[in-house]
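To start, the structure under review is shown below, and the notes come after it.
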Amino acid sequence: MADDHNVPQTEMQGSDPQLRNSRTHDNLKVAYMSEAAASNRLDSFADMAEIEGHAEVATLLRDLAEMERLHAQGHLDFLRRVGDPLTDGPIGDTRRNMEASAAGHLEQSENQYPAMVRTAQAEGFTEISDWFRTLAKAKAAQAARIQEYLGELKD
Ligand SMILES: [Fe+2]
400 MADDHNVPQT EMQGSDPQLR NSRTHDNLKV AYMSEAAASN RLDSFADMAE IEGHAEVATL
460 LRDLAEMERL HAQGHLDFLR RVGDPLTDGP IGDTRRNMEA SAAGHLEQSE NQYPAMVRTA
520 QAEGFTEISD WFRTLAKAKA AQAARIQEYL GELKD
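Okay, so the sequence shown: first residue is 400 according to the working numbering, each after it adds one.
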C-alpha cells in the first residue's frame, strides 16, 4: 500500500472539517465497510476451502483477505480525521478508540439486534431471531469488558 496518505498519530477527529459530512466522507465509510466485510468473508471462504481440502485455494483466499484488511485500514487512516465509521464518534488514540468500540457494541446490543430480533420473529424466522438475541447479549458483555479496561486505562 502506498504511504502517501499515512496520517500522523496527532491527526484525529475534527482535524479535517472540510472532509466531515462531505460525500467523500460518506464514500470512505461505505468503502471501509465493504472492504472490512470482504476481508472477513474471504477468511470464512478460506476456512471452507481448508475443510474441503483445497489448501492452495485457502492460501490464496487468506492473501486476498489480508489485502482487503489493509484496504480497510487505509480508509480508516483518512476516517480518523473525521470520526469512527460505525458510530461517528471521535477515534485516533486508544482511549477514543475504546470509547468508540464500547459505543458501537452498546448500539448493537440496545438497538440494532433487538430490532432485528423483532423483525425475524414477525417474519417467522425463529432460529435467526434466537441467534440475533444471543448476539445482543454478547454485545452487552463485550461493551462491559471494554468499559472495564477503559476505567483502568492510563492516558
Ligand atoms: Fe480491496
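Glycine included, every Cβ here is placed at the ideal spot set by N, Cα and C. Remember, predicted model here, so these are calculated numbers, not experimental data.
Original post:
Should residue 515 go down as buried or exposed, given a rule of 16 or more other Cβ atoms within 10 Å for buried?
Top reply: With a threshold of 16 other beta carbon atoms within 10 Å, residue 515 meets it and is buried.
Subject >> With 16 other Cβ atoms within 10 Å as the buried cut-off, status of residue 548 >> reply: Taking all protein chains in view, the Cβ of residue 548 is surrounded by fewer than 16 other Cβ atoms within 10 Å, so the residue is classified as exposed.
Subject >> Selected residue, minimal CA-CA separation from residue 480, among 420, 470, 536 and 457 >> reply: Nearest option by C-alpha distance: 420.
**OP:** Pair every Cβ in the stretch 525–532 with every Cβ in the stretch 485–501, then say whether three or more of these pairs are closer than 8 Å.
**Re:** no
Original post:
Just how far apart, CA to CA, sit residue 508 and residue 500?
Top reply: 12 Å
Original post:
Quick one: any contact between the stretch 424–433 and the stretch 452–460, if contact means 3 or more CB pairs under 8 Å?
Top reply: Verdict: no, contact absent.
**OP:** Take residue 519 and list the residues in its own chain whose beta-carbon comes closer than 7 Å to its own, dropping the five residues that flank it on each side.
**Re:** 527, 528 and 531
Original post:
CA-CA distance, residue 560 and residue 435?
Top reply: This structure cannot speak to residue 560, because the chain is shown only from 400 to 554.
Original post:
Is it right to say residue 536 is buried, meaning 16 or more other beta carbons lie within 10 angstroms of its own, or is it exposed?
Top reply: exposed
Subject >> Coil, strand or helix - residue 506 by DSSP >> reply: helix
Subject >> Start and end residues, alpha helix (DSSP H) containing residue 465 >> reply: That run of the alpha helix (DSSP H) goes 454–478.
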